[in-house]
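Student: The following block contains the structure, expressed as structure tokens.
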Amino acid sequence: MEFQCKTSEVVAIKLDEYSEADECVSSCGVNRKSVGISSDALLDSQFTAKLCSPQCYQNCPNIVDLYYNLALGEGAFLSDLCKSQRTYSRRSMARIQSSGAALGPISTAGGPMSAAAPSPSSPVDFAPDPM
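Shown next as structure tokens:
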């Protein structure tokens with residue numbers, strides 16, 4: 001059996017009462033026709049520059065909140081990424097890792113399985129919401 005990747009245009013037939021303003025879609029660098037989002041977008045310095053721009057960050061709370069929660073799921077704060085992006089550009093993106101990798105199984109050859117939970121790489125910080 002052979003598999004082939006294809007892309008297709010997805011069009012929404014009916015929008016339920018609300019869609020983002022064209023200004024927000026443009027200034028935040030998002031695409032109405034994309035299906036789903038990935039934290040990998042936060043690794044793209046051009047995308048993050050648009051997302052963190054004042055035009056997007058201060059005027060498009062729905063998009064910012066969506067990516068704020070996505071970054072939070074990866075253990076980062078969007079506000080911190082935006083500050084780093086303005087200061088260090090590419091280096092700040094190294095803080096977020098793609099969620100596509102998973103750890104392998106732990107060997108039980110040495111006895112019952114017992115492992116301490118990994119400690120976070122940085123202390124937990126409760127940053128204010130982006131807006």
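Quick note: the sequence shown, position 118, residue 118 per the UniProt record's numbering, numbers continuous.
A virtual CB, placed ideally from N, CA and C, is assigned to each residue, including glycine.
Among the candidates Ser19, Gly29, Arg32, Asp40, whose CA atom is the shortest distance from the CA of Met73?
Tutor: Here residue 73 refers to the residue found at position 73 when the sequence shown is read from its first residue. It is Gly, not Met, that sits at residue 73 in the sequence shown. Of the listed residues, the one whose Cα sits closest to Gly73 is Asp40.
Student: Rounded to whole angstroms, what's the CA-CA distance from Asp65 to Gly36? Just pull it up for me.
Tutor: Indexing the sequence shown from 1 puts residue 65 at position 65. Indexing the sequence shown from 1 puts residue 36 at position 36. Distance between the alpha carbons of Asp65 and Gly36: 15 angstroms.
Student: Classify Gln55: buried if its beta carbon has 16 or more other beta carbons within 10 angstroms, exposed otherwise.
Tutor: Here residue 55 is taken as the residue at index 55 of the sequence shown, counted from 1. Counting Cβ neighbours within 10 Å, Gln55 comes out exposed, since fewer than 16 surround it.
Student: Could you pull out every residue in the same chain whose Cβ sits closer than 7 angstroms to the Cβ of Ile63, ignoring the five residues on either side in sequence?
Tutor: Here residue 63 corresponds to residue number 63 of the sequence shown, with the count starting at 1. Excluding sequence neighbours, Ile63 sits near Glu20, Cys24, Cys28, Val30, Cys56.
Student: Let me make sure I understand the geometry here. Which of Ser34, Ser53, Ser26, Arg32 has the alpha-carbon closest to that of Leu81?
Tutor: Looking up residue 81 in the sequence shown gives position 81. Leu81 has its Cα closest to that of Ser53, out of Ser34, Ser53, Ser26, Arg32.
Student: Which whole-angstrom value describes the C-beta separation of Leu42 and Tyr68, a residue pair presumed to lie in contact below a C-beta threshold of 8 angstroms?
Tutor: Within the sequence shown, residue 42 is the residue found at index 42, counting from 1. Within the sequence shown, residue 68 is the residue found at index 68, counting from 1. At roughly 11 angstroms, the Cβ-Cβ gap does not stay under 8 angstroms, so Leu42 and Tyr68 are not in contact.
Student: Could you tell me the alpha carbon to alpha carbon distance between Ala101 and Gly75, rounded to whole angstroms?
Tutor: The count along the sequence shown starts at 1 and reaches residue 101 at position 101. The count along the sequence shown starts at 1 and reaches residue 75 at position 75. Interpretation of Ala101 is limited by its pLDDT of 45, a score under 50 that renders its predicted location unreliable; the figure taken from the coordinates is listed afterwards. Those two C-alpha atoms are separated by around 15 angstroms.
Student: Alpha carbon to alpha carbon, how far is Ser26 from Arg32? Give it in angstroms, no decimals.
Tutor: Here the question's residue 32 lines up with position 32 in the sequence shown. Here the question's residue 26 lines up with position 26 in the sequence shown. Approximately 10 angstroms between the Cα atoms of the pair.
Student: Rounded to the nearest angstrom, what separates Ser38 and Leu70 at their Cα positions?
Tutor: Walking along the sequence shown from the start, residue 38 turns up at place 38. Walking along the sequence shown from the start, residue 70 turns up at place 70. One C-alpha to the other measures close to 8 angstroms.
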